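Asks: Numbering (the numbering used here), first residue to last: 23 to 104.
Mind having a look at this structure? Questions to follow.
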Amino acid sequence: MQRFSARELNQDVGRVKRAAEKEPVSITDRGTPAFVMMTQEEYERLTRLGLTLSERLADMRPEADFDFDPDLSFMDDAADAA
């Protein structure tokens, strides 16, 4: 998710709107995330799914989508040695 400061939004709203056409963007106020800008279509899609907007936005982070299947075979070896 791209981030823009409130000052950047005020200085070039067109740039922020163009970015929001591709994906939701975070608007910060003094470095703290304060708002999210997205298209109306994206907002409607998110609200139709029955989850809260914050839950859906959390799911959009690339790092939220990963498989975790660690190799735990070493634990069997340690148990056998004990």
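In this text, a Cβ means the ideal position worked out from N, Cα and C, and glycines have one as well.
All figures in this text were calculated on a predicted structure; none of them were measured in a lab.
#1: How is R25 classed by DSSP in three states: helix, strand or coil?
#2: Quick test of your reading: V47 and A41, contact by CB under 8 Å. State the CB separation rounded to the nearest angstrom.
#3: For S76, which residues of its own chain have a beta-carbon under 7 Å away from its beta-carbon, when the five flanking residues on both sides are left out?
#4: Can you give me the C-alpha to C-alpha distance between T61 and Q33, rounded to a whole angstrom?
#5: State yes or no: is the C-beta of M23 within less than 8 Å of the C-beta of E43?
Replies: A quick look at the data gives this:
#1: strand
#2: 5 Å
#3: none
#4: 20 Å
#5: no
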